[in-house]
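Residue numbers (this note's numbering): 199 to 594. In this text, a Cβ means the ideal position worked out from N, Cα and C, and glycines have one as well. Here the structure comes first, spelled out in structure tokens, and everything after it is commentary.
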């Protein structure tokens, strides 16, 4: 028997209410909770969301038969028009022929130009990824934006990059791992790789939306799976050209999310792709994103993803997998003291069977002060979608 659209809706509702989520009263801060499209078997992951000047929301994600090894992967999107009760049908946003397209990021510069930045994965290896960018000023109509310009973002970190990697790694505590004469210590391997001009120029990948500083500088967070560390692409001309920052050096600090402190310092919260225990890694910049302190582990558990946001009321928000053993729980934390302590912790997803996977959140705040969150939603094997939450921060 075929499944009607009403049956699909009922099925989605059944899934959402049988995952061990919190009660309606405990979730009173959530104003909307919905899937962008029905659960499907295709792989969908790494969503992004942006609030447009007319009040519309535009979301993006990658979709296909897999990730870097599946050449049919492309960037798709959907729109939630202001006042609408649902998301539009998905549409294509970008597709590089015969290459996987992954990790989209959406943002507006101060001139209200829309940017889509993503990666095309050459040779099906993350470390060969190429940054791609599209821009549009005609994005308020229904469906996909009309893209007016497209190019690659090509970065060329110089010899200072290698020197910075070596210097900062030497400032970290001893790794404490055993090693063999035939296997170089971890730090030495990364130092050698950073001396290779090709390795430090290719493979930079997107994940988190940029931080736009008050004077207009755009700081686009990037990371490398090959070097297992991060940097920031800097634009001082509204996104026309980009230059690399010094690297954010540590043992596995990837996918940085940036917050501007009241005193002008920038804090980067990062997923931990290094040695155990897995903890959110933190680095700071005192010069508007050009250079960064050595990344060190915080006491915040982290297994798969983390994103941060400074709210309009001054509080900091942190969303991600703040657990030690998987992606079955997704949380939202809040801080009243710029990350020194986290006073409120809300569970957004919690599969008590520990088989569900909820990860890669993207968190923004719109002009009405509401928070909007999208993330990869996989309640069971072969059931995948992107989930959307609208949150009232005054109820947190």
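Between residue 331 and the set 301, 355, 338, the nearest pair of CA atoms involves 301. Here the C-alpha atom of residue 347 lies approximately 32 Å from the C-alpha atom of residue 283. Residue 299 sits in a strand when the DSSP states are folded into three classes.
Counting only runs of 3 or more residues that sit fully inside the region 217 to 276, the beta strand (DSSP E) segments are 228 to 233, 241 to 249, 255 to 262, in chain order. Cα atoms of residue 487 and residue 239: separation of roughly 40 Å, rounded to the nearest angstrom. For residue 557, the closest alpha carbon among the candidates 459, 460, 453, 565 is that of 453.
In this structure residue 589 does not touch residue 567 by the C-beta definition: roughly 10 Å separates them, more than the 8 Å allowed.
Around the beta carbon of residue 445, 16 or more other beta carbons sit within 10 angstroms, so the residue counts as buried. 424 is the residue among 424, 251, 418 whose C-alpha sits nearest the C-alpha of residue 400. Closest by C-alpha distance to residue 470, out of 362, 247, 494, 260, is 494. The three-state secondary structure of residue 388, taken from DSSP, is helix.
In this chain, residue 371 is not harboured by any beta strand (DSSP E), its DSSP state being neither H nor E.
By a beta-carbon distance limit of 8 Å, residue 257 contacts residue 234. Their separation comes to about 6 Å. Across the structure, residue 426 and residue 384 are spaced so that their CA atoms are roughly 11 Å apart. Exposed is the label assigned to residue 475, since fewer than 16 other Cβ atoms lie within 10 Å of its Cβ.
By the C-beta density criterion, residue 479 is buried, having at least 16 other C-beta atoms within 10 angstroms. Here the alpha carbons of residue 519 and residue 477 stand approximately 10 Å from one another. In this structure, the alpha-carbon of residue 242 lies about 16 Å from that of residue 503. The beta-carbon separation of residue 272 and residue 262, rounded to 6 Å, stays under the 8 Å limit for a contact. Scanning the region 447 to 486 from its first residue to its last, the whole beta strand (DSSP E) runs of 3-plus residues come out as 451 to 458, 464 to 470, 477 to 483. Straight-line spacing of the CA atoms in residue 535 and residue 508 works out to 11 Å. Here residue 570 is bridged, per DSSP, to 562, 588.
Residue 320 carries a helical assignment under DSSP once its states are collapsed to helix, strand and coil.
By the CB criterion at 8 Å, residue 363 and residue 447 fall inside the cutoff. If you compare the alpha carbons of 259, 497, 339 with that of residue 288, the shortest gap goes to 259. Residue 528 places its beta carbon 8 Å or farther from that of residue 577.
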